Structure formats: C-alpha cells, structure tokens
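In the numbering used here, the protein residues as written are 74 to 612. Heads up, the beta-carbon is just placed ideally off N, CA and C, and yes, glycines get one too. Only a predicted model underlies this, so the values are computations on that prediction, with no experimental measurement involved.
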Amino acid sequence: MSSERTRMMKRRGGGRSATATQPSSSRAYRFIAATSLSLAFLDPTRLLHAQAYISTGLPAHVHRAYLRKLTDDICNTDPGTLTTQEVSNTAMLMSAWASAPKKLRESGKERAMKVENLLKRIIDERRAGNVEAIARTEDYNTVMKTWASSGEKSAAAFRVEQILINMQDMYASGDQDVQPNLESFQTAIEAWTQATDTDTNALARATQILDWMTKLYLSSANDHAMPHTSCFYTILKSWAASGKLEAPIMSEHLLMQMQHLQTKHEIQSAKPDTKCFNIVLSNWLKSRDISAEKRIRQIFEYMDDCRRRGAMDIKPDASTYNIVIASIAPAVKEHIDMGGARRADKILARLERGYLEGDKSLMPDTILYNQVIDYWAKTQSVSGHFLKARDVLDRQISMYESGGVRKCRPDVTGYTSVIGACASTSGSKLERRRSFNLAHETFMECCKAKYTQPNDVTYGLMFKAVGRLLPEKEERDRYAKVLFGLCCDDGCLGEMAFKRMLEAMSDELLNELSISRNYAELPEEWKSNAANAANQRKR
Numbered sequence: 074m075s076s077e078r079t080r081m082m083k084r085r086g087g088g089r090s091a092t093a094t095q096p097s098s099s100r101a102y103r104f105i106a107a108t109s110l111s112l113a114f115l116d117p118t119r120l121l122h123a124q125a126y127i128s129t130g131l132p133a134h135v136h137r138a139y140l141r142k143l144t145d146d147i148c149n150t151d152p153g154t155l156t157t158q159e160v161s162n163t164a165m166l167m168s169a170w171a172s173a174p175k176k177l178r179e180s181g182k183e184r185a186m187k188v189e190n191l192l193k194r195i196i197d198e199r200r201a202g203n204v205e206a207i208a209r210t211e212d213y214n215t216v217m218k219t220w221a222s223s224g225e226k227s228a229a230a231f232r233v234e235q236i237l238i239n240m241q242d243m244y245a246s247g248d249q250d251v252q253p254n255l256e257s258f259q260t261a262i263e264a265w266t267q268a269t270d271t272d273t274n275a276l277a278r279a280t281q282i283l284d285w286m287t288k289l290y291l292s293s294a295n296d297h298a299m300p301h302t303s304c305f306y307t308i309l310k311s312w313a314a315s316g317k318l319e320a321p322i323m324s325e326h327l328l329m330q331m332q333h334l335q336t337k338h339e340i341q342s343a344k345p346d347t348k349c350f351n352i353v354l355s356n357w358l359k360s361r362d363i364s365a366e367k368r369i370r371q372i373f374e375y376m377d378d379c380r381r382r383g384a385m386d387i388k389p390d391a392s393t394y395n396i397v398i399a400s401i402a403p404a405v406k407e408h409i410d411m412g413g414a415r416r417a418d419k420i421l422a423r424l425e426r427g428y429l430e431g432d433k434s435l436m437p438d439t440i441l442y443n444q445v446i447d448y449w450a451k452t453q454s455v456s457g458h459f460l461k462a463r464d465v466l467d468r469q470i471s472m473y474e475s476g477g478v479r480k481c482r483p484d485v486t487g488y489t490s491v492i493g494a495c496a497s498t499s500g501s502k503l504e505r506r507r508s509f510n511l512a513h514e515t516f517m518e519c520c521k522a523k524y525t526q527p528n529d530v531t532y533g534l535m536f537k538a539v540g541r542l543l544p545e546k547e548e549r550d551r552y553a554k555v556l557f558g559l560c561c562d563d564g565c566l567g568e569m570a571f572k573r574m575l576e577a578m579s580d581e582l583l584n585e586l587s588i589s590r591n592y593a594e595l596p597e598e599w600k601s602n603a604a605n606a607a608n609q610r611k612r
C-alpha cells in the first residue's frame, strides 16, 4: 500500500510535464487506474469499483491492461504477503474476469487460466499461514463457469469435472468452505453438454454427474447437492439438439427419473414441468418414428389429465398443442387421410375452448391454424373438405378480430390453402361450382384484407381452380383474363402460376393476349414479386 501511495504522490508532483504529453485516453486511464487502485485498497466497497471501471467507455485495450496489472500485482507476490484487502481484491478480480464484457475478454482459455491462477494464489496464501485467505465455494464456481464459457468444449468439460470432484473430496475431508452446491453441479453438467468436439459420449458424462449429484444428496454426503429441474432441463435440451435416434427414449427416462425423485423421495425441486414434457414431445416429433404420433398423443393426454387434477406445473400449453398437431402427418406428405385432418381439427378446437375459458397459456397462433387448414386442404378424398378448411379459417378470423388474439392474425398462407382445397375438389358439377364460388370469395377477401395480399402461389391455385372447376370455355377465359391482369399488375406471375394459367386459358385467348409459352420471354415486371416471395418461403 505504501508503494502505491508513493507512486500517487509522484504523479501529483514532478511527473506533471511527462503526463501532459500523453494522449487523452492514456491520461484518463492513469487517473482512473490510480483512483481505482486507491479505492480498491481503502474502501470496503472496492468490489464495485472494478465493475464500474469495466463498464466505462474507455478503449478495450486500456481495460484489459488495467485488469492484467491488478492480476499480475497479486499473482507475482510471495505467499504470505497479501493484506486483508488484497485477499478480498483477489475475489473481486476473479469475478471481474469472469463477467467482463466481450470487448474486454481475451481468449477463453487465457481468461480461464487467469481466474484459476488467482484462485491458486489464494490457496497458496492460506498454506503460507494467512488465516484470512479462504477459497470458498463461490470462488471455485467462478473458475468452473469461466472454463465452461471458454469455448474449449471437451477440454473445458474435463477441467470443470476435475474441479468439482476435488471440491467434493475436500468437503468430505472436512473443508466446509468448499462444499459443492447446485451451481457447481449445474456448471459441470452444462460444460459437458457443450463438449461437442469429442468421441466421448458427452451427454452420458453429463448424466453421470447428475446421477452422482443425486446419490450424494440421498446418502446425506452433500445436502447442497439436491437435484433441481434446471439440471435435468439442460440435458433434455441437449438430447433435443443432438438429433440422435435414441433421443426420445433417453429424454423419457430422464422425465421418469424426475417423477421418481418427486414421488418416492419427495424432492420437489426436481419435479418436471410443462417445458420438460414439451422437450420430450419435440424429441418424438423429430424422430420420425412410425409410433411417434401415438406416443405424443399419450403423453399429451397424460399432461391434460394432470391439468384436470389440478396440477399447476404440468399442463398442455400452446407449444404442446403445436407439437401434437404437427405430429399427425409429416409436412412432406402430399395427401392427408381424413382421420388425420379430423384429429387435428378436434385438437385445435380443444385449444380454442381452453383459451376462451381463461387459460392464457393456450393462446393459438397463426402457424397452428395454417397447419390444420393445410391438413384439410390435402384431404382430397372427403366430400366438402374445402368447407372444413374454410371453417378453420373463419374461426381464426373470429379469434383475431373478435377475440383480440393478435398472435393468430390470418396470413396469405391460410387463404392460399383454402383456395388450394377448393381447386382440388372433384365430384358433381354442383359440387365443383360450390367449390369455385368459395375459392372466388376467399380470393377476393384475401385481396381486400388489411393484413394480407395474394402471392404467386395464391394466383397459381386460383388459375388451377378456374381450369378445373369452371365447365364452360367462355367463362373460364373470361375469368382467366381478369385474373391474368391482376396477377401481372401484382408482379406475381411465378412459374407455377404461369403453368396453371396455360392450363386454364384457351389457345384463342393466349393468341389474343400475345402471351408467349416460354416463361423466360415474359416481361420481368410481371414476375418481379414472385421471386421475392419464393425466397421468403425458402427462408
């Protein structure tokens, strides 16, 4: 401390002329560094000063230089020479390195090494006889978190696990200051879930740490190792992102383990919630297993049964319903069976009833309605399937306009799917006429609505409806001519729309309009927006 005061006195005295030649940022650094150092050793609130310094607008290299200077001053001293304030300042520096903004960070490994060196300095100080130098659980956790966020993946995970084991061994030997807690175990689990660069089964290692944590708590070897939902949630998410074939089964095992801890051992902190169940459902959905829909429906009904029995943590929400409906038929299918469309519609109706009865977690969204409309649109073997599709769209419009549910605003996808359902209708002349009338009504509504406009697919399906549903050549040409003008004005004559237009128009009309049968020869302004719409759909 005396040497620091001497340096400050020199700055106040004869060093003024030399300081005057430094750039403004350097002068600010010297002043703030001196002031911060003085306050750090004299003020009990010194922990706040480094954090305040880090958040200032000085250049990043100045900030790094300041932290390096403080770190080197402590690490390069002999064991047994740190003052009480310097011991406390070491913990502050560890936290500062760990939580520094990205612009101040060195490489992840170097940052973790600096934090670990500071911890080692405290340990060496204690071994030298300084009873005030105590490495606590929070300090070890800081080192573990810095390694876990270093980007070193498997190397970091191995180091974090090693530190955790050492902490538990020291605690078992009688060191009460380093008892691993929930944060310690959770950091180790997260470190392994991020270790994607190793042949070692990283998720298995994460699960082993979770099992070890549970055994320590149940055997009373560590009362701070109580399993928590957040630990399971981390592994569940990692299984969901892994894409592995066994992901659904492994995630279900974790879910059953959570329920076992809750019911048999009365560990309420480990009870599963809706988010955990939704991850399991999502894993089944991604699996493309032939039994996925059945298993998803079983889990969904279990969740709904929990809701009816009064469970607050386990009940279907809007995400649950989305997964259940998405599981009914893969998106790649060209046709959906009538049973699938009907099941999807009934599930959507359950969601709507639940929301209207006051459960705000069941707020429907646009994607969900579009999915059900699309199912009905692809159910071509059912008489009146286009009416079913339109009914879902009408419910969506009512929910948006009358119910005030802004998340379910109808978009062009829903309107287009209804038109597609109409265009695919077969049957009697009367049935086709009814279908065309609904397609026309839906198309005009799409054009007039404040929240949507037809795109190239909408026009293409409308041309298809004209060609398939209108029996008379004169009527087809008359309608196709008007539709062609609207399509060109909107710049929506995409390749699909152009193909359907050729099928709908007679040769006489094509000659009258002087339309080339080669799409590439058409004026660019006729198809300018079609390309943009196609790119948006791809994104």
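Original post:
Three-state secondary structure (DSSP) at V216?
Top reply: Secondary structure at V216: helix, using DSSP grouped into helix, strand and coil.
Subject >> Rounded straight-line distance, which links the Cα of A138 to that of S342 >> reply: Those two C-alpha atoms are separated by around 44 Å.
**OP:** May I have the straight-line CA-CA distance separating L328 from L354, to the nearest angstrom?
**Re:** Going by the C-alpha atoms only, they are around 11 Å apart.
Original post:
Between the segment 266 to 282 and the segment 238 to 252, are three or more C-beta pairs nearer than 8 Å?
Top reply: With the cut-off at 8 Å, the segment 266 to 282 and the segment 238 to 252 do not touch.
**OP:** Assess, as a yes-or-no matter, whether the segment 330 to 342 is touched by the segment 373 to 389 under the definition of 3 or more beta carbon pairs within less than 8 Å.
**Re:** With a cut-off of 8 Å, the segment 330 to 342 and the segment 373 to 389 do not count as touching, because too few Cβ pairs lie within range.
Original post:
Sorted by chain position, which residues of the same chain lie with C-beta nearer than 7 Å to E263's C-beta, five sequence neighbours on each side aside?
Top reply: Hits under 7 Å: A221 and T307.
Subject >> Reduced DSSP category for R250 - H, G, I as helix; E, B as strand; rest coil >> reply: Checking the sequence, you will find Asp at residue 250 rather than Arg. Looking at D250 - three-state DSSP - the assignment turns out to be helix.
**OP:** Return the CA-CA distance between I238 and A261, expressed in angstroms with no decimal places.
**Re:** For I238 and A261, the distance between alpha carbons rounds to 10 Å.
Original post:
Which of the three DSSP states, helix, strand or coil, is assigned to I207?
Top reply: If DSSP states are grouped into helix, strand and coil, I207 belongs with coil.
Subject >> Neighbourhood of G25 by C-beta distance below 7 Å, restricted to the same chain and skipping five residues each side >> reply: Absent from the structure is residue 25, since the part of the chain shown begins at 74 and ends at 612.
**OP:** Give the single residue among S601, W312, P345 and G476 whose Cα lies nearest to the Cα of H301.
**Re:** The candidate whose alpha carbon is nearest that of H301 is P345.
Subject >> Alpha-carbon to alpha-carbon, N274 and T94 >> reply: Note on T94: pLDDT 38, under 50, position unreliable in the model; the coordinate value appears next. One C-alpha to the other measures close to 59 Å.
Original post:
Assuming D390 and L435 make a contact with CB atoms under 8 Å, what is their CB distance in whole Å?
Top reply: The Cβ separation is near 6 Å, so the contact holds.
Original post:
Unbroken alpha helix (DSSP H) runs of length 4 or more, entirely within the segment 555 to 594: which are they?
Top reply: Uninterrupted alpha helix (DSSP H) stretches at least 4 residues long and entirely within the segment 555 to 594 occur at 568 to 577 and 580 to 586, given in chain order.
**OP:** Can you give me the start and stop residues for the alpha helix (DSSP H) that T347 sits inside?
**Re:** If you look at T347, you'll find it in the alpha helix (DSSP H) that goes T347 to S360.
Original post:
Quick one: what does DSSP say R482 is sitting in, helix, strand or coil?
Top reply: If DSSP states are grouped into helix, strand and coil, R482 belongs with coil.
Subject >> Any alpha helix (DSSP H) of 4 or more consecutive residues that is wholly inside the segment 417 to 497 >> reply: Whole alpha helix (DSSP H) segments, 4+ residues: 439 to 450, 458 to 474 and 485 to 496.
Subject >> CA nearest to the CA of S180, picked from L583, S223, K480 and L283 >> reply: Comparing alpha-carbon positions, the option among L583, S223, K480 and L283 lying closest to S180 turns out to be S223.
Original post:
When DSSP labels each residue in this structure, what does D197 get in the three-state scheme?
Top reply: When secondary structure is reduced to three states using DSSP, D197 falls in the helix class.
Original post:
So, do the segment 192 to 199 and the segment 151 to 165 have three or more beta carbon pairs nearer to each other than 8 Å?
Top reply: With three or more CB-CB distances shorter than 8 Å, the segment 192 to 199 counts as touching the segment 151 to 165.
Original post:
Under the rule that 16 or more other beta-carbon atoms within 10 Å means buried, what is G431, buried or exposed?
Top reply: Exposed, since its Cβ has fewer than 16 Cβ neighbours within 10 Å.
Original post:
On the three-pair Cβ rule with 8 Å, is the segment 541 to 554 touching the segment 515 to 527?
Top reply: Contact between the segment 541 to 554 and the segment 515 to 527 is absent, with fewer than three C-beta pairs closer than 8 Å.
Original post:
Within 10 angstroms of its Cβ, does I363 collect 16 or more other Cβ (buried), or is it exposed?
Top reply: I363 should be labelled exposed.
**OP:** State the DSSP-derived secondary structure class of L318, mapped to helix, strand or coil.
**Re:** If DSSP states are grouped into helix, strand and coil, L318 belongs with coil.
Original post:
According to DSSP, is Q335 helix, strand or coil?
Top reply: Helix.
Subject >> Local conformation of H297 per DSSP, three classes >> reply: Reduced to three states, the DSSP call for H297 is coil.
**OP:** Answer yes if the segment 313 to 321 comes into contact with the segment 280 to 296, meaning at least three C-beta pairs across the two stretches below 8 Å, and no otherwise.
**Re:** The segment 280 to 296 vs the segment 313 to 321: no contact.
**OP:** Could you tell me which of T347, K182 and S292 sits nearest to M217, measuring between CA atoms?
**Re:** Nearest C-alpha to M217: K182.
Original post:
Per DSSP, what kind of secondary structure is T273 in: helix, strand or coil?
Top reply: The three-state secondary structure of T273, taken from DSSP, is coil.
Subject >> For D242, the first and last residue of its enclosing alpha helix (DSSP H) >> reply: Residues S227 to A245.
Subject >> Helix, strand or coil at R85 according to DSSP, with G and I counted as helix >> reply: For R85, the predicted model reports a pLDDT of 39, less than 50, meaning its position is unreliable; a value from the coordinates is still stated below. Under the three-state reduction of DSSP output, R85 falls in the helix class.
Original post:
Are the beta-carbon atoms belonging to L358 and I420 less than 8 Å from one another?
Top reply: In this structure, L358 keeps its C-beta atom at 8 Å or more from the C-beta atom of I420.
**OP:** Measure the C-alpha to C-alpha separation of E585 and K546 and round it to an integer number of angstroms.
**Re:** Roughly 15 Å separates the two Cα atoms.
Original post:
Do you know whose CA, among C304, H338, A570 and K337, lies nearest S324's CA?
Top reply: If we check each option's Cα against that of S324, C304 comes out closest.
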